[in-house]
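Order-wise, the sequence lines are chains A and B. Just so we're aligned: the first sequence equals residues 528 to 777 in the working numbering. Just so we're aligned: the second sequence equals residues 97 to 685 in the working numbering.
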Amino acid sequence: MKILVAVKRVIDYSVKVRVKADNSNVDLTNVKMSLNPFCEIAVEEALRLREAGKATEIVVVSIGPKAAQDQIRTALAMGADRGIFIDVGDTELNSLSIAKLLAKVVQDEQPGLVLLGKQAIDSDNNQTGQMLAALCNYPQATFASKVLIEGDSTTVTREIDGGLQTLQLTLPAVVTADLRLNEPRYVKLPDIMKAKKKPLAVTSPAEMGVNVANTITLVRVDAPAERSAGIKVESIDALIDALKNKAKVI
Amino acid sequence: MSYTHPYQDADFVLRHIVNFDELCAEAGLAEANMDLAVAVLEEAGKMGSEVLAPLNWSGDQEGVSLGEHGVQEAPGFKEAYVQFAEAGWLSLSADEEFGGQGLPNILSTAVNEVWQSANMAFALCPMLSIGAMESIGHHASHELQSTFLPKMASGEWTGTMNLTEPDAGSDLAAVKTRAVPNGDHYLVTGQKIFITWGDHQMTDNIVHLVLARLPDAPAGVRGISLFIVPKFLVDADGNPAERNAAHCLSVEHKLGIHASPTCVMEFTNAIGYIVGEPNKGLSYMFTMMNHARQAVGLQGLSLSERAYQQARVFAKERLQGTRRDGSRIPIIEHPDVRRMLMTIRSSCEAMRALSFVAAAEVDRAHYAQDPAAKAAHAARVELFTPIVKGWLTELSQEMTYLNVQIHGGMGFIEETGAAQHYRDARILTIYEGTTGIQALDFIGRKTLSDQGAALSLLLADIQATAEELRAANTLHASILDGLESALARGVMAREWLLQSAAADADLPGSVSVNFLMLFGYLCGGWLMAKEASIAQAQLATGEGDASFLNNKLITARFYAEHLLPRTQSHLSALLAGSESVMALAEDAF
Chain A
528 MKILVAVKRV IDYSVKVRVK ADNSNVDLTN VKMSLNPFCE IAVEEALRLR
578 EAGKATEIVV VSIGPKAAQD QIRTALAMGA DRGIFIDVGD TELNSLSIAK
628 LLAKVVQDEQ PGLVLLGKQA IDSDNNQTGQ MLAALCNYPQ ATFASKVLIE
678 GDSTTVTREI DGGLQTLQLT LPAVVTADLR LNEPRYVKLP DIMKAKKKPL
728 AVTSPAEMGV NVANTITLVR VDAPAERSAG IKVESIDALI DALKNKAKVI
Chain B
97 MSYTHPYQDA DFVLRHIVNF DELCAEAGLA EANMDLAVAV LEEAGKMGSE
147 VLAPLNWSGD QEGVSLGEHG VQEAPGFKEA YVQFAEAGWL SLSADEEFGG
197 QGLPNILSTA VNEVWQSANM AFALCPMLSI GAMESIGHHA SHELQSTFLP
247 KMASGEWTGT MNLTEPDAGS DLAAVKTRAV PNGDHYLVTG QKIFITWGDH
297 QMTDNIVHLV LARLPDAPAG VRGISLFIVP KFLVDADGNP AERNAAHCLS
347 VEHKLGIHAS PTCVMEFTNA IGYIVGEPNK GLSYMFTMMN HARQAVGLQG
397 LSLSERAYQQ ARVFAKERLQ GTRRDGSRIP IIEHPDVRRM LMTIRSSCEA
447 MRALSFVAAA EVDRAHYAQD PAAKAAHAAR VELFTPIVKG WLTELSQEMT
497 YLNVQIHGGM GFIEETGAAQ HYRDARILTI YEGTTGIQAL DFIGRKTLSD
547 QGAALSLLLA DIQATAEELR AANTLHASIL DGLESALARG VMAREWLLQS
597 AAADADLPGS VSVNFLMLFG YLCGGWLMAK EASIAQAQLA TGEGDASFLN
647 NKLITARFYA EHLLPRTQSH LSALLAGSES VMALAEDAF
């Protein structure tokens, strides 16, 4: 079975995010970028399934600017077999366009399982996996904390509010990874070298014949308001008064 | 007490000061380039922060112990070592024939900064393995190499260096350990002390390199041979079998690096195999000396960087003092705290530049085809090595001290962790040749013995930079003036030394440390000025990260204004010569 894993290049989790001066977007100039942590978990799961003999090939796909090939290389260094890079330049696509592009890749590659991160830590939309499943007409299991494959079905444990839910899906299917699905491995030095030689195909929305016209426009980005200094109150009454009338929380 | 690799500064130095891409292309290393370096450093940074750094404090507190099975390393170290070895980090610069990646020394050095910052006590183990691999790789027979190198490059076995004996420290000519021929091997008997990672349970074998004398060996340094003495003898299949008579008798109780076992090793007719030819052991040791000394210098940078990261967090969080509106002031707003933080920060940047440039010279000397170029780079390695070892480790004393100072009373308390870096740093000016030894090497073997020729070439390079920067005139006057003044002091020190040394036997030893420190600060200032000029040029064309580049201009200026003037006091002390150093009669002490 072939597994397709979609990965995204995002601002590194350790970076303090700045907003551009004109509030048009987050400032990504010279900021450290990394593989989205949930995508890394998805790659790791694919590797474990292959190691368990449930999969034979792992294909990693990413959509973004040229530099997003770095994240494909990271996934290849982790152990994926080959990469597909869809070059969209600096255009920021919304989730539906990304899902449409991925659906085309699914159509071409015919994977038995599509793994994604449950969301990307930059925009936190949590949409792509669901949209992709709908476009492909595949069953989906999101927020996976356990994935088992038996024959032509997969049993997925999902983390839901207040507990766990177990679903059985007929393959092919779309599964999105939650934080506790696994702990990604450390990349081995020789594999960083090997990753440079693994095949990486480059394509574009135009070549794929997918219309990625944006239907959503980003209007404005604001940083959270700075927390102002606290005040000291003289008495319990003053505290209650402040909570009622100043903070308006009771 | 977390650690994050300062990837941006390392990247800047590799890319623009070391010219890594050019170095790899000239060396014919098709696989290596900046893209690879970035990927490698990123993965190293992850392992350093997530696996090694969390064990630094616990390792210091829990330490090691000696039991019936030998030395038990600190809790968590074995698991970390297995992860480290499995990720292939020991193979980075090892020979491809024996499972290595064959990457250049400079990349290994940049990666080593991560390990040493994250957990120096741990990182000493792979550092010693790499040194042992280098000795075996250069001098042992192919048969011995095939037996031991693949297992060492994979990290399955570790390596140690057994040089020091109770009566043979800096003076290795006094080595007493004996090796008697016995068929196809030797029987080694004697006691070695201060053996770093001499025993542990992390791997199923340990490869000891031991200096010993053959029965018919001439006295002194020309009678010392080098032997491989494995902890477990290797069977026909290449696996560890019978226990060899090489045991750890005790572990030292030390001021710092508590998680690094420092062993007394006892060899009792232990089976050993000679490396290379008889009586050449010491010269074999010297081939890896440059590497080891530069690596210890790098530890000075690494601990200073770790101290800086801790100091900066504390300075932002610690509130002392009150504004008029009643709000509290984080101590980072106090100018004297800023002075201390800037001192550590700018020193770290200068140390990083110098240690990387010196490591790259090792590669350039190794890969150069043209004999003249090879000789020139080799001479530069010889010159830089005692400076990197001496100056960086001396500086690390001050930088870890300043971290404690910024923490105030909290720094004196162990739980804060600032004290650990201060204690750990203390060994750096001692092992692998004390500062005194480095300074004698620099002033004697590296300067006086060639009439200052190699040094004058270095001074000419610095002068070329100074002239170029003066002509461009784009940098702050302090950087230009500071570099020119320090350069003039370097030139004067060299000339004065060459004129005065012959007439006074006590002179070189009396002034050597001042001589070395003067050149350390000067080299740091030279490279910081270079970095500033590149930063300025990039800002002018709009490439690169403007905030990083602007900060570089500030740290370079601070270095020029606050660190470079120290060259004056070193010069003044130097020019005073040996008289007051030696005047007080011995029995007056």
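Glycine residues also receive a C-beta, built at the ideal position from the N, C-alpha and C atoms.
No Cβ-Cβ contact shorter than 9 Å links S608 (chain B) with L671 (chain B). By the neighbour-count criterion, in which 16 or more other beta carbons inside 10 Å mark a residue as buried, R707 (chain A) falls on the exposed side. Using a C-beta cut-off of 8 Å, the segment 378–396 of chain B makes contact with the segment 488–504 of chain B, since at least three inter-stretch Cβ pairs fall below that distance.
When the Cα atoms are used, P374 (chain B) and R274 (chain B) turn out to be separated by approximately 13 Å. Contact annotation: the segment 559–573 of chain A touches the segment 637–651 of chain A, with at least three C-beta pairs closer than 8 Å. A contact is defined here as three or more CB-CB pairs under 8 Å, and the segment 511–522 of chain B fails this definition with respect to the segment 450–470 of chain B. It is roughly 18 Å from the alpha-carbon of M385 (chain B) to the alpha-carbon of V303 (chain B).
Listed along chain B is no residue with a C-beta nearer than 9 Å to that of A573 (chain A); the closest approach is about 19 Å. At least one C-beta of chain B is nearer than 9 Å to the C-beta of R600 (chain A). What A135 (chain B) touches in chain A, judged by beta-carbon distance under 9 Å, is D597, R600, T601, A604, V714, I719, A722 and K723, going in chain order.
Residues are counted here when their Cβ sits less than 9 Å from a Cβ of chain B; for the segment 743–760 of chain A these are A756 and K759, given in chain order. Contact with chain B is absent for T682 (chain A), since none of that chain's Cβ atoms lies less than 9 Å from the residue's Cβ.
Under the 9 Å criterion on CB atoms, S423 (chain B) is classed as interfacial with respect to chain A. Under the DSSP assignment, F410 (chain B) falls in the alpha helix (DSSP H) whose first and last residues are G377 to E413.
A direct Cα-to-Cα measurement between P732 (chain A) and K775 (chain A) gives close to 51 Å. Between L623 (chain B) and A449 (chain B), the gap from beta carbon to beta carbon is short of 9 Å. The Cβ atoms of A652 (chain B) and E445 (chain B) sit closer than 9 Å to each other. K559 (chain A) belongs to the set of residues whose beta carbon lies under 9 Å from a beta carbon in chain B. If one requires a minimum length of 3 residues, the beta strand (DSSP E) runs lying completely within the segment 689–771 of chain A are 690–697, 700–704 and 727–730, in chain order.
L188 (chain B) is not a Cβ neighbour of L125 (chain B), given a cutoff of 9 Å.
S541 (chain A) reaches chain B at T100, counting residues in chain order whose Cβ is nearer than 8 Å. Here the C-alpha atom of V570 (chain A) lies approximately 15 Å from the C-alpha atom of D718 (chain A). It is roughly 11 Å from the alpha-carbon of M605 (chain A) to the alpha-carbon of E139 (chain B). The beta carbon of L579 (chain B) sits closer than 6 Å to the beta carbons of A562, G621 and A625 from its chain, once the five residues preceding and following it are set aside; these are given in chain order. Here H165 (chain B) is exposed, its C-beta having fewer than 16 other C-beta atoms within 10 Å. Boundaries of the alpha helix (DSSP H) around E209 (chain B): N201 to A214.
With a threshold of 9 Å between beta carbons, A642 (chain B) makes contact with chain A. Listed in chain order, the beta strand (DSSP E) elements of length 3 or more contained wholly in the segment 228–290 of chain B are 254–258 and 274–278. Under the three-state reduction of DSSP, E584 (chain A) is assigned to strand. G678 (chain A) sits in coil when the DSSP states are folded into three classes, being neither helix nor strand.
Judged by DSSP secondary structure, I650 (chain B) falls outside any beta strand (DSSP E) and instead within the alpha helix (DSSP H) spanning A642 to F654. DSSP places S443 (chain B) inside the alpha helix (DSSP H), whose first and last residues are P431 to Y463. For Q547 (chain B), no alpha helix (DSSP H) run applies, since DSSP gives it neither H nor E. Around the C-beta of G334 (chain B), fewer than 16 other C-beta atoms lie within 10 Å, and the residue is accordingly described as exposed. For A313 (chain B), the secondary structure class from DSSP, reduced to helix, strand or coil, is coil. Counting only residues of its own chain and dropping the five nearest sequence neighbours on each side, L574 (chain A) has a CB closer than 8 Å to the CB of I585, M605, G606, A607 and R712.
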